[in-house]
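Below is one structure, written out as structure tokens; the observations come after it.
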Amino acid sequence: MSPTRMDVAETTAESATTERTSGPAAGGPALGPALAAAVGLSLVLAVLAVLGARAERTELRDWVILALVGGNTAILAGFGTVATRRAAGLERDRRAAENEMRASHNQLQELIDHTSANIYMKRVDNGRYLLVNREWERLFKVRREEVVNLTDHGVFPTGLADQLRANDLAVAGRRKPVQYEETAGTDAGERTYLSVKFPVFDATGTPYAVCGISTDITERKRAEEEIRHLNADLEARVRERTAELEASNGELDAFAYSVSHDLRAPLRSLHGFSDALIEDYDSVLDDTGRDYLRRLQSNVKRMGRMIDDLLDLSRATRAELHRDDVDITCLAQELFVELAGLDPHRTVRTRVADGLCASGDRQLLRLMLQNLLANAWKFSAKRPDATIEVDQVDRDGGRFFVVRDNGAGFDMRYADKLFTAFQRLHATSDFEGTGIGLAIVARIVHRHGGRIFAEAAVDSGAAFYFSLKPESGGLA
Amino acid sequence: MNDRNILLVDDNPDDVALTLRALERNNIGNPVDVALDGEEALNYLLPADGAGKVPALILLDINLPKVTGLEVLKAIRGNERTRLLPVVVLTTSNEERDIVESYARGANSFVRKPVVFREFQEAVRVLGLYWLLINQSAAPQRGA
């Protein structure tokens, strides 16, 4: 809107100038010859009158005088008419010019009156207002007719007026636009303005006025303040929650430590003393007695493993994540050597792809892979041609590590129970286990921001796919 | 004075009994003195009169009432007379921080007591073999 208005204003000013300059030239060529002809004719008639008088030709002299008076009267009348017309023309031009100026002034006034900013111009020498716009009038309850005799000290409290005056003088001194943030009291309370002030120069290049355009940024400031408050509030809440979490983590830590120590100690006693019974009292025990003691020992062992696995699960949750480049190929090979060492009677074909690398926590990745490989090792135990592979593949548009075996597999209908602690898909009598291993694996994968899923069929092996970083192209 | 005693520091009488059994089953015949908490251990090793005993090996549990195992270890390493003694930290927990802290305070070995007695017995056998036989002659010279 405003550029269009500016264009109109400029065009009007130009045409006004053109008209004014062509005005006086119009009558020039017509008046010159008329004036020359009148003067010439008067001279001729005067000469004739003198000659007539000398010749004492009275009738001729009377005619000549008559003609002279008549002619001059006619010429005077002509000039009078022309002069009157010219005067009327000039008056018309002056009025037109005045109208143009008023129109131009009105346009500017309309323009500044219809903006939401408040605009004002003040003299540099005495600080008196030269003009204000409607918004200014509305805000400060002073009419423009009154304001022209006022300075800031007549409108605002002294402190603020001093500040405004100082700003104005600074702008005049610097001779270029300056931006200020100013605060003024209005009916709507204290408002904050972003004021751009610039000097206005006279023909000699001296700044005689300072014009200001002030935009009310109170709402913006309030919103900013609110955001600052909200942020501070949010930060405080985050700190609070973090402290709570740290406290509960600390409790969990203490709990896990206590479990690790206090639950295992009695188990060790149970196992140790039942072992002593079997050894030292063998002669007084019959087969049933020995069998009972072995059952007791086997359950103690199982409980010991469960406690250890639970502690691993808790550690997978609590441990701080230290990312590092981890050689998965090397890690998998090491773990296969360990597994083979624990179970030397089995023959398992293992294949680990070269150059597998991941960014992750070395300790946790070891714990995760240990569980996954032990899982594959265990569930392929009943196959004479047991094979376990570790590889990396593209699946579902992402890159996944995969641990694949050709073991007992499982029914995909129960796949959702796979990664939940204590959920087992096989009987303990078929495959030993605590039901915690895959929960540990899933917890570690999730802590790395990755994803894990499995594909399997009963008696056709299982494949566990996992990633160790958030998938790209997601909402994040 | 460097007698051949073993000092066992453990507050759990069951564990004490099982450790004694494991030592015995491995034919480690050294006399064993038992301290049931850290304070007792310090009185044994570093009494106020300065005439403490110097065992051949210390088996030290970490979780002890009053003075903890790690504090006992610190005191042992801080005293000229005892600082070279072989100390094996025995613990029930498998917390990494315990292992790290134990070695940081100068433990010579760290053994997590297994639930299964045979495994514990095996661990004790290896410890006895190493600290009471193989390393015995070398121990007094180290760090001197």
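The listed protein sequences derive, respectively, from chains A and B. To convert a position in the first sequence, counted from 1, into this note's numbering, add 979. To convert a position in the second sequence, counted from 1, into this note's numbering, add 606. Beta carbons are placed, not taken as given, at the ideal position from N, Cα and C, and that holds for glycine.
Item: First and last residue of the alpha helix (DSSP H) that includes Tyr1172 of chain A?; Value: Careful: Tyr1172 of chain A lies outside any alpha helix (DSSP H), inside the beta strand (DSSP E) at Gly1168 to Phe1180.
Item: Could you tell me if Cys1190 of chain A is buried or exposed, where buried requires 16 or more neighbouring beta carbons within 10 angstroms of its beta carbon?; Value: buried
Item: To the nearest angstrom, how far is the alpha carbon of Ala1226 of chain A from that of Arg1297 of chain A?; Value: 12 Å
Item: Within the continuous alpha helix (DSSP H) that includes Pro1052 of chain A, where are the two ends?; Value: Note on identity: in this sequence residue 1052 of chain A is Thr, with Pro being the wrong assignment. Looking at the DSSP string, the run of the alpha helix (DSSP H) that includes Thr1052 of chain A is Thr1037 to Asp1092.
Item: Rounded to a whole number of angstroms, what is the C-alpha to C-alpha distance between Arg1107 of chain A and Phe1180 of chain A?; Value: 16 Å
Item: Could you tell me the alpha carbon to alpha carbon distance between Ala1394 of chain A and Phe1445 of chain A, rounded to whole angstroms?; Value: 15 Å
Item: So, is the C-beta of Tyr1159 of chain A closer than 7 Å to a C-beta in chain B?; Value: no
Item: What residues in the stretch 691-703 of chain B bring their beta carbon closer than 7 Å to a beta carbon of chain A?; Value: Thr698, Ser699, Asn700 and Glu701
Item: Just the C-alpha distance for Lys1448 of chain A and Arg1341 of chain A, rounded to the nearest angstrom, thanks.; Value: 14 Å
Item: Residues of chain A with CB closer than 9 Å to the CB of Asn632 of chain B, please, in chain order.; Value: Within 9 Å Cβ-Cβ: nothing; Asn632 of chain B doesn't reach chain A, min ~14 Å.
Item: Please work out which residues of its chain come closer than 8 Å, Cβ to Cβ, to Ile1415 of chain A, disregarding the five sequence neighbours upstream and downstream, and give them in chain order.; Value: Met1285, Asp1288, Leu1289, Asp1291, Leu1292, Ala1400 and Phe1401
Item: Ignoring anything shorter than 4 residues or poking outside the stretch 1304-1334 of chain A, list the alpha helix (DSSP H) runs there in chain order.; Value: 1307-1321
Item: Please tell me whether Asn649 of chain B has its Cβ less than 7 Å away from any Cβ of chain A.; Value: no
Item: Are three or more beta carbon pairs between the stretch 704-711 of chain B and the stretch 725-743 of chain B nearer than 8 Å?; Value: no
Item: I want to know whether the stretch 710-718 of chain B touches the stretch 674-683 of chain B - three or more CB-CB distances under 8 Å.; Value: yes
Item: Rounded to the nearest angstrom, what separates Tyr1099 of chain A and Phe1119 of chain A at their Cα positions?; Value: 12 Å
Item: Apply the 10 Å Cβ neighbour rule to Pro671 of chain B and answer buried if 16 or more other Cβ atoms are within range, or exposed otherwise.; Value: exposed
Item: At the level of alpha carbons, what is the spacing between Glu1313 of chain A and Asn1354 of chain A?; Value: 16 Å
Item: Taking DSSP as the reference, what is the three-state secondary structure of Val706 of chain B?; Value: helix
Item: Taking Cβ-Cβ distances below 9 Å as the criterion, which residues of the stretch 607-631 of chain B are in contact with chain A?; Value: Asn618, Asp620, Asp621, Ala623, Leu624, Arg627, Ala628 and Arg631
Item: Use the C-beta contact count for Arg627 of chain B: other C-beta atoms within 10 angstroms, 16 or more gives buried, fewer gives exposed.; Value: buried
Item: Of all the options A:Leu1404, A:Lys1101 and A:Asp1373, which has the alpha carbon lying nearest to the alpha carbon of Ala1145 of chain A?; Value: A:Lys1101
Item: Taking the beta strand (DSSP E) that Gln1371 of chain A belongs to, which residues open and close that run?; Value: Thr1366 to Arg1374
Item: If you run the structure through DSSP and keep just helix, strand and coil, what is Phe1456 of chain A?; Value: In the structure as shown, chain A starts at 980 and stops at 1455, and residue 1456 of chain A therefore has no counterpart that could be examined.
Item: Any residues in the stretch 1234-1254 of chain A with a beta carbon nearer than 7 Å to a beta carbon of chain B? Which ones, in chain order?; Value: Tyr1236, Ser1239, His1240, Arg1243, Ala1244, Leu1246, Arg1247, Ser1248, His1250, Gly1251 and Asp1254
Item: By the criterion of Cβ-Cβ separation under 7 Å, what are the contact partners of Val1305 of chain A in chain B?; Value: Correct list: empty, because the minimum Cβ distance to chain B is about 18 Å.
Item: For the alpha helix (DSSP H) containing Ser1193 of chain A, list its first residue and its last residue.; Value: Per DSSP, Ser1193 of chain A belongs to no alpha helix (DSSP H); it is in the beta strand (DSSP E), Pro1186 to Asp1195.
Item: Can you have a look at Thr697 of chain B and say buried or exposed, based on whether 16 or more other CB atoms are within 10 angstroms of its CB?; Value: buried
Item: If the cut is a Cβ gap below 9 Å, which residues of chain A does Lys719 of chain B touch?; Value: Arg1243, Ala1244 and Arg1247
Item: What residues of chain B sit near Glu1268 of chain A, judged by a beta carbon separation below 7 Å?; Value: According to the sequence displayed, residue 1268 of chain A carries Gly and not Glu. Those within 7 Å of Gly1268 of chain A in chain B number zero; the least Cβ separation is about 18 Å.
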